[in-house]
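Remarks on the structure that follows.
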Amino acid sequence: MKEIRKKIKYFLLGLLGLIGALLIYGLIEPYIIDVEPQTASIPGLPASWVGQRVAVMGDWQVGMWLGNTPTIRRIVTRLVRERPAAVLIIGDFLYGAGKNAAEEINQSIELVRPLISSGIPTYAVLGNHDYGMKSKNGNPDVQQATKLAQALESVGVQVLENEAVILPSKIQQETPL
1204 MKEIRKKIKY FLLGLLGLIG ALLIYGLIEP YIIDVEPQTA SIPGLPASWV
1254 GQRVAVMGDW QVGMWLGNTP TIRRIVTRLV RERPAAVLII GDFLYGAGKN
1304 AAEEINQSIE LVRPLISSGI PTYAVLGNHD YGMKSKNGNP DVQQATKLAQ
1354 ALESVGVQVL ENEAVILPSK IQQETPL
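Letter by letter, the sequence shown follows residues 1204 to 1380 of the numbering used here.
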């Protein structure tokens, strides 16, 4: 009996330690900026784009519990400083806005605004959360997604939906003052 109690005790202590580690990681992870440089070989790329950097970011999840908006601000500030030739935002601006997405949409606009103000061409696609869908079997909230897309476009983000665009031939390289 004493042996079983000892095993249960160590199991529970191990489980408690694992839960504690996961909680600590959950609090730290949103502050990690993950940069993974990749090189793409693109046939027919205009000479002005050869060697240029394009930033890709996504999963902002504005409105999420313990939101990661401070991390997004740091990333955007870094992008403004580093001046990529373009920024691509690959969806999920919103987490779960519910009936009134206005607050989360406004937060998303304020987060993206410095990119536009600095003259960096910024493109976006919407993700499943932007349509209010947390699973592939959910019903899309097209009205919410339309409001988000219109708000993004109103500040200068080009929102794409099943389309391609011609990138600008002149790339701004000057550093903002």
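For each residue, glycine too, the CB sits at the ideal point set by N, CA and C.
Exercise for the section: Can you give me the start and stop residues for the beta strand (DSSP E) that VAL1257 sits inside? Expected result: On the sequence shown, residue 1257 is found 54 positions in, with the first residue counted as 1. Run containing VAL1257: 1257–1260, per the beta strand (DSSP E) assignment.
Exercise for the section: Report yes if the CB atom of ALA1327 is closer than 9 Å to the CB atom of LEU1363, and no otherwise. Expected result: Counted from its first residue, the sequence shown places residue 1327 at position 124. Counted from its first residue, the sequence shown places residue 1363 at position 160. Closer than 9 Å, so yes.
Practice task
Would you identify the three-state DSSP class for ALA1289, choosing helix, strand or coil?
Solution key: Residue mapping note: residue 1289 aligns to position 86 of the sequence shown, counting from 1. The DSSP-derived three-state label of ALA1289 is strand.
Problem - HIS1332 versus ARG1208 - alpha carbon distance - result: Translated into positions along the sequence shown, residue 1332 becomes position 129. Translated into positions along the sequence shown, residue 1208 becomes position 5. Approximately 46 Å, taken between the alpha carbons.
Handout entry: Backbone secondary structure at GLN1361 - three-state DSSP
Key = Here residue 1361 is taken as the residue at index 158 of the sequence shown, counted from 1. In the structure shown, GLN1361 sits in a strand (DSSP, three-state: E or B).
Exercise for the section: Note down the Cα distance separating PRO1317 from ALA1289, rounded to an integer number of angstroms. Expected result: Counted from its first residue, the sequence shown places residue 1317 at position 114. Counted from its first residue, the sequence shown places residue 1289 at position 86. If you take the alpha carbons of PRO1317 and ALA1289, they lie about 13 Å apart.
Problem - Cβ shell of ILE1312 (< 6 Å), same chain only, five flanking positions each side left out - result: As a first step, residue 1312 is located in the sequence shown; it is residue number 109 there, counting from the start. So the qualifying residues of the chain are ALA1354, VAL1358.
Exercise for the section: State the beta-bridge partners of TYR1228 as determined by DSSP. Expected result: Your numbering for residue 1228 matches position 25 in the sequence shown. TYR1228 pairs with nothing; no bridge assigned.
Problem - ILE1275 versus ASN1303 - alpha carbon distance - result: Here residue 1275 refers to the residue found at position 72 of the sequence shown. Here residue 1303 refers to the residue found at position 100 of the sequence shown. Each residue's alpha carbon lies about 22 Å from the other.
Exercise for the section: Go to VAL1315, then tell me how far its alpha helix (DSSP H) extends in each direction, as first and last residue. Expected result: On the sequence shown, residue 1315 is found 112 positions in, with the first residue counted as 1. Looking at the DSSP string, the run of the alpha helix (DSSP H) that includes VAL1315 is 1305–1320.
Exercise for the section: Note down the Cα distance separating VAL1283 from PRO1273, rounded to an integer number of angstroms. Expected result: Along the sequence shown, one-based indexing puts residue 1283 at 80. Along the sequence shown, one-based indexing puts residue 1273 at 70. Rounded to whole angstroms, the gap between the alpha carbons of VAL1283 and PRO1273 is 15 Å.
Problem - Own chain partners of PRO1379 with C-beta closer than 6 Å, once the 5 adjacent residues on each side are dropped - result: On the sequence shown, position 176 is the one that residue 1379 refers to. A caution first: PRO1379 carries a pLDDT of 44, below 50, which makes its placement in the model unreliable, though a value can still be read off. Cβ neighbours of PRO1379 beyond the five flanking positions: SER1321.
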